[in-house]
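Only one structure is covered here, and it is reproduced in the block below.
There are 2 protein chains.
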Amino acid sequence: MKVLLVEDDQFHAAYLRETVQKALPEAEEIVLARDGHQGETEARRGAIGAIVMDLQMRGRNGIEAARTIWRERPATRILFWSNYSDEAYLRGISRIVPKESAYGYVLKTASNDRLHLALRSVLVEGQIVVDREVHQFQQRQIRPVEVLTEAEYAVLVDVSLGLSDRMVAQRQGMSMRTVQNRLLSLYDKLEVERAADGDMQMNKRSRAVARALALRVINPEALETAEGELQRWLVRQARQGA
Amino acid sequence: MKVLLVEDDQFHAAYLRETVQKALPEAEEIVLARDGHQGETEARRGAIGAIVMDLQMRGRNGIEAARTIWRERPATRILFWSNYSDEAYLRGISRIVPKESAYGYVLKTASNDRLHLALRSVLVEGQIVVDREVHQFQQRQIRPVEVLTEAEYAVLVDVSLGLSDRMVAQRQGMSMRTVQNRLLSLYDKLEVERAADGDMQMNKRSRAVARALALRVINPEALETAEGELQRWLVRQARQGA
DNA sequence: ATCCGGCCTGCGGAAACCCGCAAATGCCCT
DNA sequence: AGGGCATTTGCGGGTTTCCGCAGGCCGGAT
């Protein structure tokens, strides 16, 4: 059994390697990659079936790397080990995990025992393990947003990237009015009105983005990925339009 | 000499303590705080003159903590030790550092030697030390934005929080037209138009925020702090209006 | 069958945003 | 003093956003 660690922080990497050595004595080789790209390369080369992956890394982040790895070898088991429990990360992962695979999500603040357990459950037994704190994001005393629809989330991301109503409509295949309806429900769920004491009227669109960021419904990492997709869509549109 | 470490990541804290012990043999006591609040308390209690501070911490971040510490004891020397080199952090720090004090800014990716040197230069010699990579943020292949004015930056933050033109004008003491002029120059500097291929017209306001985030001119941490100030300003306005 | 709730769509208008034009102010430099 | 140069402000109008009203489609519960 070969295990790949993808982690760009040297201290975390050292700790992780140590724990993996203890938790998985059947691992005859432990490879370390220091960002998403390296991780993809190593996974491809080493025919690796078990991965522990950090999410936040400079350059290529963990979700992007996981996507390409799973596309090439869907049975790969991946344990995500991250500092954050943002809704955006969860959404990103649950969207791309293949049916035949196992994955886990453990916070870096978890105890050594918890990490140990998760390593065995996911990488050896092939189970699905998600830290409870992650799933209901209790930490940072942030009350979870009333859950968003897929459509609402898609519109939120597009708006956060700076698309106009017309562009969102075009991209999502809706009418402009529908986009605006999604926006209305977003304004509601994100509590955009809350600060409106009297004559103070905010720019709801920007306020919604700010609230979504504050509540960690979206995060800059996810936006970066979405921006890439947007750019690709844009060139496709330009070609079609010409 | 007493040294206070403020760092919420246990692995980083362990490494930091070790390095400080080696670099500063004159330190007869090394105290560890695990977030900004604890840091303030310890600094107050221990009559501490030298601090190494992480910037990103859950709860109260390093900049907020540094501000209150410097307000109470302006001669305190603080070395910031951070993962990031965002413009927003730099701006936040240079805005609050007192004249009579020394500070430094070192990236966590710096070598042990660099950290060692910075520890001695800042905490013992009282010099100002800033990692070169930080000051011109070359990393992440992000080309720095043509530097923003203070006024532009203030408007950008307000807009990112979701304020309308009128509110920004009121808060910054400008006319609405001036706010819009600042916005125009922001749209220019942040290259908001770049994606406008043909009929694709973006929402410039939201796009500007997205660009600023992507270029790391602002970051969610700084926005969180700014949101707090905004809330305080709002209640003040409400009282005055009534 | 009927009703209910959710999502989609068009219409129309108030408000906000975006911005060119032009005049006023202030600062620096010669 | 006078000539740039940047910043501020008002005016006016084109565009976009925001949203109530009203109607259509659809799946599920009564």
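As they're listed, the protein sequences go chains W and R.
Each step along the first sequence adds one to the number in numbering that gives the first Met the number 0, with nothing skipped, and position 159 is 158.
Each step along the second sequence adds one to the number in numbering that gives the first Met the number 0, with nothing skipped, and position 76 is 75.
Note that the Cβ used here is the ideal one computed from N, Cα and C, for glycine as well.
Taking 8 Å as the cut-off between beta carbons, the residues of the region 195 to 222 of chain W near chain R are D196, G197, D198, M199, Q200, M201, N202, K203, R204, S205, R206, A207, V208, A209, R210, L212, A213, N218, P219 and L222, in sequence order. Taking 4 residues as the minimum length, the alpha helix (DSSP H) runs contained wholly in the region 77 to 136 of chain W are 86 to 95, 111 to 117 and 131 to 134, in order along the chain. Within the region 1 to 54 of chain W, the runs of alpha helix (DSSP H) at least 4 residues long that lie entirely inside it are, in chain order, 9 to 22 and 35 to 45. In terms of beta-carbon proximity, Y186/W stays away from the interface with chain R, with every pair separated by 8 Å or more. Listed by position along chain W, the residues whose Cβ is nearer than 8 Å to that of V158/R are N202 and S205. Closest in alpha carbon position to D85/R, among A101/R, L106/R, E99/R and T75/R, is L106/R. Nearest to E25/R by alpha-carbon distance, out of M0/R, H11/R and N218/R, is M0/R. Of all residues in the region 11 to 28 of chain R, only H11, A13 and Y14 place a beta-carbon less than 9 Å from a beta-carbon of chain W. Residues of chain R with a Cβ closer than 7 Å to the Cβ of G161/W are, in chain order, M201, N202, S205, R206 and A209. DSSP places L214/W outside both helix and strand once states are collapsed to three, so it counts as coil.
Note that the region 166 to 182 of chain R does not touch the region 216 to 228 of chain W; fewer than 3 beta-carbon pairs, one per stretch, sit closer than 8 Å.
Residues of the region 165 to 189 of chain R with a Cβ closer than 8 Å to any Cβ of chain W, in chain order: R165 and M166.
Taking A32/W as the centre and dropping the five residues before and after it, the same chain places the C-beta of V5, G38 and E41 closer than 6 Å to its C-beta, in chain order. Contact annotation: I95/W and R76/W have beta-carbon atoms that are not nearer than 8 Å. A contact between stretches requires three or more CB pairs, one per stretch, nearer than 8 Å, and the region 227 to 234 of chain W fails this requirement with the region 209 to 217 of chain W. Between V128/W and S120/W, the C-beta spacing is below 8 Å. For the region 99 to 133 of chain W, the set of positions with a beta-carbon nearer than 9 Å to some beta-carbon of chain R reads K107 and T108 in chain order. Sequence-distant partners of H115/W (beyond 5 residues in either direction) whose C-beta falls short of 8 Å from its own C-beta, in its chain, are T18, K21 and A22. Under the DSSP assignment, A65/R falls in the alpha helix (DSSP H) whose first and last residues are G61 to E71. From the beta-carbon of E226/W, the residues of chain R found nearer than 7 Å are A213. Measuring C-alpha to C-alpha distances from R210/R to each of E226/R, Y186/R, Q200/R and L229/R identifies Y186/R as the nearest. In the structure shown, T148/W adopts coil according to DSSP, grouped into three states. The shortest CA-to-CA distance from V123/W to any of A109/W, E151/W and G103/W is the one to G103/W. Comparing alpha-carbon positions, the option among R44/R, M56/R and I47/R lying closest to D8/R turns out to be M56/R. Here D112/W is exposed: its Cβ has fewer than 16 other Cβ atoms, across all protein chains shown, within 10 Å. Ranked by how close their Cα comes to the Cα of R238/R, the residues A207/W, R43/W, I29/W and M199/W have M199/W in first place.
Residue state for L229/W is assigned as helix, using DSSP reduced to three classes. Rounded to the nearest whole angstrom, the C-alpha separation of S205/R and R170/W is 17 Å. Relative to I68/W, the option among Y83/W, R90/W, R44/W and A87/W whose CA is nearest is R44/W.
Taking the Cα positions, Y83/W is about 10 Å away from D53/W. Cα atoms of E63/W and K98/R: separation of roughly 45 Å, rounded to the nearest angstrom. Shown here, T177/W sits in a helix according to DSSP, grouped into three states.
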